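Residue numbers (mature numbering (1 follows the signal peptide of the UniProt record, and there is no 0)): -21 to -1, 1 to 388. Here a beta-carbon is modelled for each residue, glycine too, at the ideal position from N, C-alpha and C. Because the structure is a prediction, the values reported are computed rather than measured. Everything below concerns the one structure shown next.
This is the structure we're talking about:
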């Protein structure tokens, strides 16, 4: 019979052996669980990386790139308005840049996270998409000028200052974005045949707009100042001035307190100030609409850059047109004609106080103004001294009342 001590010793040995086996089995199970958790984590991270990569590639190739192509195609149509064309062009540029940034982020993610052996169709298709995106961007930089096809322009004409479009008009551009032609003028024009104000115009979008044009130095800015001083207490006003390469006239109005500075915008038109008020009015239309909505304007004043007698406002820009000349160039100016003299709603003959000094006969100017304008209204003025300003204001307010169906204050 085994003794009690021997039985206890055998039981202890069995217990120790069982404990060792259990510990080993627990370690094996723990290692297996840790390995499984790590694999799950790696699998989840890989799935997340794949999803992010797919989103980046889709957003670039499937969303932004088509928008960029669509906008540049829309901007290249003949029917596209110049202001819309510029907006579409900048939208195109922004989405193209975003597209390249997203696809580059996707490429970096792919290089860092994935095995790129290109040994399956999925990876080969992905590589082809990357190449297509970058090629599309490169062709955008290397393509001919974006208006060539629209205007029928040949590549060899790229560096010329002007070109003939398929409609027979001569086009040129100052900023590379908005080519324009100049309307041919075959006669001095007739007051009775002038373009009427636009019917049923929505003045909530842009307030009643007075265009003030005329040659350099005739007193356009002085008239702007006089009108502001006469109307600002009773009406909400805002003003846009045009200069070729400076903001001189806008600064003049601010300096003399014509209106608060935030109600004045100065526009630099470049070498064709007449185009900015007739053929391509977008450079003025934008600031006018902004000021109108921002300040709930009753009347907007738009001064053109100084130009020759052929300049006049488009009816899409000005509801009432004032053309101002002066006597310093002689009494022959009214009979020279031109759209501004003959077709403006009001002709102002300024600086009558120096007529004798320059040998100008005011009676001759009156006769010729009536003849060239078919009896249309004109005012002799000395704007700097306030002479004739009240008459000009009355003409403006009468036109404002008729157009807006409002009563003057």
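Item: Closest by CA to residue 389, which one among 186, 313, 278, 324?; Value: Residue numbering for the chain in the displayed model covers -21 to 388; residue 389 lies beyond these limits and cannot be assessed.
Item: For residue 113 and residue 90, what's the separation of their Cα atoms in angstroms?; Value: 17 Å
Item: Helix, strand or coil for residue 195? Go by DSSP, reduced to three states.; Value: coil
Item: If you run the structure through DSSP and keep just helix, strand and coil, what is residue 69?; Value: helix
Item: Have a look at residue 369 and residue 388 and give me their C-alpha separation to the nearest angstrom.; Value: 15 Å
Item: Can you tell which of 230, 254, 346, 327 has the C-alpha that lies nearest to the C-alpha of residue 241?; Value: 230
Item: Please say whether residue 334 and residue 306 have beta carbons closer to each other than 7 Å?; Value: yes
Item: Would you call the segment 194 to 213 and the segment 350 to 357 in contact, with 3 or more CB pairs under 8 Å?; Value: no
Item: Compare the Cα-Cα distances from residue 209 to each of 186, 184, 87, 236 and report the closest residue.; Value: 236
Item: Which runs of the alpha helix (DSSP H) fall wholly inside the segment 175 to 243 and span at least 4 residues, in chain order?; Value: 199 to 210, 227 to 234
Item: Below 7 Å between beta carbons: does that hold for residue 302 and residue 192?; Value: yes
Item: For the structure I just gave you, are there three or more beta carbon pairs, one from the segment 181 to 190 and one from the segment 336 to 353, closer than 8 Å?; Value: no
Item: Compare the beta carbon distance of residue 324 and residue 300 with 7 Å and say whether it is the shorter of the two.; Value: yes
Item: Check whether the Cβ atoms of residue 76 and residue 46 lie closer than 7 Å to each other.; Value: no
Item: Go to residue 303, then tell me how far its alpha helix (DSSP H) extends in each direction, as first and last residue.; Value: Looking at the DSSP string, residue 303 is not in any alpha helix (DSSP H); the run it does join, the beta strand (DSSP E), is 299 to 305.
Item: Output the distance between the C-alpha atoms of residue 44 and residue 65, rounded to the nearest integer angstrom.; Value: 19 Å
Item: Which value, in whole angstroms, describes the spacing of the CA atoms of residue 271 and residue 205?; Value: 20 Å
Item: In whole angstroms, what is the alpha-carbon distance linking residue 373 and residue 367?; Value: 10 Å
Item: Do residue 221 and residue 276 have their CB atoms nearer than 7 Å?; Value: no
Item: With DSSP as the reference, please indicate the residues paired to residue 357 in a beta bridge.; Value: 326
Item: Would you kindly report the start and end of the unbroken beta strand (DSSP E) that includes residue 392?; Value: Nothing about residue 392 can be reported from this structure: the residues present for the chain run from -21 to 388 only.
Item: If you run the structure through DSSP and keep just helix, strand and coil, what is residue 111?; Value: helix
Item: Can you name, in chain order, every residue of its own chain whose Cβ lies under 6 Å from the Cβ of residue 284, other than the five neighbours on each side?; Value: 221, 222, 223, 248, 252
Item: Helix, strand or coil, according to DSSP, for residue 247 in the structure here?; Value: strand
Item: In the DSSP assignment, the alpha helix (DSSP H) including residue 255 goes from what residue to what residue?; Value: Run containing residue 255: none; DSSP gives neither H nor E here.
Item: Out of 288, 287, 289, 294, point me to the one whose CA is closest to residue 281's CA.; Value: 294
Item: How many whole angstroms separate the CB atoms of residue 382 and residue 176, which I take to be in contact at a CB cut-off of 8 Å?; Value: 6 Å
Item: First and last residue of the alpha helix (DSSP H) that includes residue 347?; Value: 341 to 351
Item: Which residue or residues does DSSP assign as beta-bridge partners of residue 366?; Value: 361
Item: In three-state DSSP terms, what is residue 310?; Value: coil
Item: Would you call the CB atoms of residue 352 and residue 321 closer than 7 Å?; Value: yes
Item: Looking at the unbroken alpha helix (DSSP H) that takes in residue 287, where does it start and where does it end?; Value: No alpha helix (DSSP H) holds residue 287; DSSP gives it neither H nor E.
Item: Could you give the first and the last residue of the continuous alpha helix (DSSP H) run that contains residue 52?; Value: 44 to 54
Item: In this structure, does DSSP put residue 386 in helix, strand or coil?; Value: coil
Item: Any idea if residue 36 is buried or exposed, counting beta-carbon neighbours within 10 angstroms, 16 or more meaning buried?; Value: buried
Item: Going along the chain, which residues of its own chain have a beta-carbon closer than 7 Å to the beta-carbon of residue 260, five neighbours each way excluded?; Value: 293, 295, 296
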